[in-house]
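I have placed the structure first, in the form of structure tokens, so that the comments after it can refer back to it.
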Amino acid sequence: MAEKKNQHFVPKVHLRYFAADEQKRQINLWLPKQDKVVFGASIRDQCSKSYFYGKDLKIENFLSSPEALFGRTVDQLIEQKGAVNEEQESLLFLWLLQHMRAERTIAEHLLMMSAMRDKVALGQENNDELQDWLGSPMGVQDAMQMTLDNAKEYFDIISDLRCVLLINETKTGFVMSDCPAVSSNKLILMRYMKYRNWGLGSAGVYMYLPLTPQLGFFAFDRHVYELAGRNGNICKLNSMDVVALNQLVYLFSNKVMVLPPNCETNDIVEHLKKVCPAKPESTMRVNVAVADLDQGQDESRSFSVASDEEFASSPNGGLIHLESIPPAVPRHFPKLRIKQNCRFVDTRSGAGLKRMGSRF
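Sequential numbering from 6 applies to the sequence shown in our numbering.
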């Protein structure tokens with residue numbers, strides 16, 4: 006068991022594509038909180054923790070198969086500089102898996118669950134029946150297992166997205182991070198901020214995963230966007246495109262940025278620093294609301310955001326609401342353009358804008 010004690014939440018096979026040495030054992034890093042560049046850091050010690058997924062090794066062993074798939078797929082892409090449909094589907098699944106398994110994603114999920122428990126228990130700390138119903142707090146292994154159990158459902162939701170292989174032949178390489186599978190929504194951030202609580206099935210979602218310093222995977226809502234310069238399932242980028250995607254990865258990173266080898270390190274770091282003010286501490290928040298005293302005559306009910314004290318003492322019931330706090334993204338991927346006649350379904354509800362063709 007000891008040989009699997011050090012468990013990576015970004016697989017070593019992925020980190021090796023950013024290796025700075027011929028033996029593929031070392032990478033160059035930028036640590037944003039210390040503003041420190043580290044050359045030749047051991048891949049073995051990055052993006053990992055002791056028994057992160059548990060000592061029973063069930064999740065760790067399960068992940069070995071998709072990690073091998075990632076290596077085979079990227080090797081094929083490097084060789085042919087193109088992607089067939091089977092590879093695109095594999096990359097979409099691998100994006101989802103990497104998004105779910107990242108330390109920051111799991112940590113925020115656990116914080117959200119803990120906050121929800123605290124809100125439910127407001128004013129009822131001595132209610133033993135409620136405490137029994139809530140059960141024990143969830144741990145990392147439980148959270149990861151729960152998301153894996155729902156992985157097929159999540160994949161079905163995003164399977165309608167158009168997938169593209171990004172080719173970077175500029176002097177600025179792609180960066181990676183300890184949370185490299187990122188997503189945003191240009192449509193909502195630029196036009197429909199009232200629907201900022203979007204999900205995987207929302208209109209306007211786009212996803213990105215750097216594969217190597219020269220290759221990236223991109224998926225987007227084909228009914229909302231067009232990708233300028235796309236030739237089938239390939240799109241070549243310019244330096245401005247690369248900088249925007251690198252900044253997006255940084256905005257969702259946790260503690261570590263992986264720098265491409267053989268590039269101007271200072272230039273890359275300076276570009277990342279420019280978006281520091283837009284980087285949030287957390288991407289979600291739990292709010293509470295209480296029922297308004299003056300309700301309408303129809304069957305609907307209205308609620309107002311309240312303090313914890315107001316929620317705990319409310320005689321008219323209340324709601325617990327999970328709010329998304331996405332990074333503002335100062336500069337979206339320039340080649341991704343909103344269509345003049347984009348299509349989506351406005352639910353005019355908390356569900357927001359639904360994507361055309363999504364199974365959600």
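No residue lacks a Cβ here, since even glycine has one placed at the ideal position from N, Cα and C.
No experiment lies behind these values; they were computed from the predicted model shown.
Check	Outcome
Contact set for Gly355: own chain, Cβ-Cβ below 8 Å, skip 5 residues either direction	Asn202
Environment of Met6 [buried if 16+ CB atoms lie within 10 Å]	Its pLDDT being 48, under 50, Met6 is placed unreliably by the model, and nothing is read from it.
Supposed contact pair Tyr211 and Asn190 - C-beta distance, whole angstroms, cut 8 Å	7 Å
Asp226: CB within 7 Å of a non-hydrogen atom of the ligand MG	Ligands displayed in this structure: none; no statement on the ligand MG is therefore possible.
In DSSP terms, what Gln31 is bridged to	Ser47
DSSP bridge partner residues for Asn292 (one or two, in chain order)	His326
Pair within 8 Å by beta-carbon distance, Phe223 and Leu277	no
Option in Gln51, Asp226, Ile330 with minimal Cα separation from Gly362	Asp226
For His13, the residue or residues it bridges with in DSSP	Ser53
C-alpha distance - Lys17 paired with Asp123, whole-angstrom precision	37 Å
Alpha-carbon to alpha-carbon, Val43 and Asp297	55 Å
With 16 other Cβ atoms within 10 Å as the buried cut-off, status of Phe67	exposed
Three-state class that DSSP yields for Asp147 in the structure shown	helix
Rounded straight-line distance, which links the Cα of Glu328 to that of Val291	6 Å
C-alpha distance - Leu324 paired with Gln129, whole-angstrom precision	16 Å
Ala208 and Arg342 closer than 8 Å at C-beta	no
Buried/exposed call for Ile32, threshold 16 Cβ in 10 Å	buried
Meets three-Cβ-pair contact criterion under 8 Å: the region 230-241 and the region 314-321	no
6 Å Cβ shell around Ser307 - same chain, five flanking residues per side excluded	Asp297
Burial state of Ile162, where buried means 16 or more other Cβ atoms lie within 10 Å	buried
Alpha helix (DSSP H) runs contained entirely in the region 185-228, provided each spans 4 or more residues	191-196
Val293 versus Leu115 - alpha carbon distance	18 Å
Arg360, enclosing beta strand (DSSP E) - first and last residue	358-360
Alpha-carbon to alpha-carbon, Met117 and Glu286	14 Å
Pro320, buried or exposed, once every other Cβ within 10 Å from all chains shown has been counted against 16	exposed
Among Cys347, Lys340, Leu253, the one whose alpha carbon lies nearest that of Asn236	Lys340
Residue nearest to Ser53 in terms of C-alpha spacing, selected from His104, Glu108, Leu216	Glu108
Best match in Ile48, Gly206, Val187 for proximity to Tyr22 [C-alpha to C-alpha]	Ile48
8 Å Cβ cutoff met for Asp183 and Lys241	no
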